[in-house]
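In my numbering, the protein residues as written are 210 to 445.
Think of the CB as a built atom: it goes at the ideal place given N, C-alpha and C, for glycine as much as any other residue.
Here the structure is laid out as structure tokens; the discussion comes afterwards.
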Amino acid sequence: MKPDTSIIKRTFILGDEWLYYKLYCGKRTADMVLVDCIKPLTERLLEKKIIDQWFFIRYTDPNPHLRIRFHCNDIDKLGIIIDNIKKAVSNYVENDLIWKIQTDTYNREIERYGENTIEEAESLFFHDSDLCIKALELIEDDTLLFMFALRSIHTIFQVFDFTIEDKLLFVKENLEAFKAEFNSNKSLSKQLYKKYNGLKKEIIEFMEMQSHNEYQPLINLLNTKKEQIKIVKKLY
Numbered sequence: 210m211k212p213d214t215s216i217i218k219r220t221f222i223l224g225d226e227w228l229y230y231k232l233y234c235g236k237r238t239a240d241m242v243l244v245d246c247i248k249p250l251t252e253r254l255l256e257k258k259i260i261d262q263w264f265f266i267r268y269t270d271p272n273p274h275l276r277i278r279f280h281c282n283d284i285d286k287l288g289i290i291i292d293n294i295k296k297a298v299s300n301y302v303e304n305d306l307i308w309k310i311q312t313d314t315y316n317r318e319i320e321r322y323g324e325n326t327i328e329e330a331e332s333l334f335f336h337d338s339d340l341c342i343k344a345l346e347l348i349e350d351d352t353l354l355f356m357f358a359l360r361s362i363h364t365i366f367q368v369f370d371f372t373i374e375d376k377l378l379f380v381k382e383n384l385e386a387f388k389a390e391f392n393s394n395k396s397l398s399k400q401l402y403k404k405y406n407g408l409k410k411e412i413i414e415f416m417e418m419q420s421h422n423e424y425q426p427l428i429n430l431l432n433t434k435k436e437q438i439k440i441v442k443k444l445y
């Protein structure tokens with residue numbers, strides 16, 4: 210039985226409260242754009258209360274790009290957001306680091322995230338995006354970034370009191386869907402399996418450490434994320 214979605218708005222077009230941009234660029238460029246462009250842009254818009262949340266995802270269609278959504282507090286200020294985005298990305302476009310920009314329709318995945326919890330899910334996306342962008346600013350090593358991503362997922366499981374059995378079930382249920390969505394194949398699966406086995410000892414150590422001189426800023430980020438998720442959890 211499909212949920213009644215008449216109360217929760219599903220679709221947002223240009224001019225609605227959710228503003229949706231696609232920035233086409235390579236992976237390394239995307240990291241730079243997120244840290245040097247999107248981070249100061251969103252911090253400024255949040256501080257001025259022009260937006261109250263935002264989130265991003267990396268995607269391929271088949272060209273790699275960033276999908277970024279901004280939630281506007283006052284649609285009369287949409288022009289301010291658009292102008293700020295233009296100023297923030299113009300240099301990247303002029304230097305062909307971003308080779309295409311599009312606005313698009315934001316269709317909420319209500320069937321996936323639930324009619325009654327889609328707004329809470331968007332809050333989680335916001336906090337997760339904020340965490341990712343701050344981590345990118347601190348981490349230059351791909352291996353450490355990989356381990357940080359694993360612990361970040363584990364943090365969410367912890368807040369929602371997942372048992373080992375719950376985690377395994379969740380991963381199994383979502384594995385095939387994510388493979389299809391992100392165009393995974395056997396080659397990528399083998400690469401990830403090989404990477405995990407090669408780093409198993411380091412991963413376990415990183416997942417369990419509570420304090421560490423070198424990694425303390427990252428641990429602090431994860432602890433902050435845990436507290437933010439606890440607040441969202443209370444709304445469920």
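Look at residue i and residue j and say whether their C-beta atoms are less than 9 Å apart.
i	j	result
M192	H363	A query on residue 192 cannot be resolved here, the shown segment of the chain reaching from 210 to 445 and no further.
D375	K434	no
K451	R317	Look at the range of the chain in this structure, 210 to 445, and you will see that residue 451 is not part of it.
P273	K236	yes
L223	T312	yes
S332	A344	no
I284	D225	yes
L427	L347	yes
L431	F335	no
N282	K248	no
K409	F355	no
I412	L359	yes
Leaving out the 5 sequence neighbours to the left and right, which residues in its chain are closer than 6 Å to residue i when beta-carbon positions are compared?
i	result
L254	I260
Q262	H280, F335
Starting from the C-beta of residue i, find all residues in its chain whose C-beta is less than 7 Å away, skip the five residues before and the five after it, and write them out in chain order.
i	result
K395	none
N422	none
Y402	none
I365	I438
E256	none
Could you round the C-beta distance between residue i and residue j to whole angstroms and report it? I think they count as a contact, below 8 Å.
i	j	result
L315	F391	Position check: residue 315 holds Tyr in this sequence, whereas Leu was assumed. Wrong, their Cβ atoms sit about 19 Å apart, outside the cutoff.
F371	F379	7 Å
R278	L228	7 Å
Between residue i and the rest of its own chain, which residues show a CB-CB distance below 8 Å, the 5 nearest in sequence each way excluded?
i	result
V298	L232, V242, C246, I307, I310
L250	N293, I294, A297
V368	K435, I438, K439, K442
Y322	A330
T269	F391, N392
I290	L228, L254, I259, I260, F279, C281
L287	G224, L228, C281
Quick check: the region 237 to 247 against the region 305 to 319, are there 3 or more CB pairs under 8 Å?
yes
Curious, which full-length alpha helix (DSSP H) runs of at least 4 residues does the region 286 to 349 contain?
287 to 303, 319 to 322, 327 to 347
When you compare the region 367 to 385 with the region 325 to 339, are there three or more beta-carbon pairs, one atom per stretch, that lie closer than 8 Å?
At 8 Å Cβ cutoff, the stretches do not touch.
Run through the region 220 to 261 for me and flag every whole beta strand (DSSP E) of 3 or more residues, listed as ranges in chain order.
Those beta strand (DSSP E) runs which fall completely within the region 220 to 261 and span 3+ residues are 227 to 233.
Length-filtered (4 minimum) alpha helix (DSSP H) runs lying within the region 370 to 431:
If only complete runs of 4 or more residues are kept, the region 370 to 431 shows the alpha helix (DSSP H) at 373 to 390, 395 to 417, in order along the chain.
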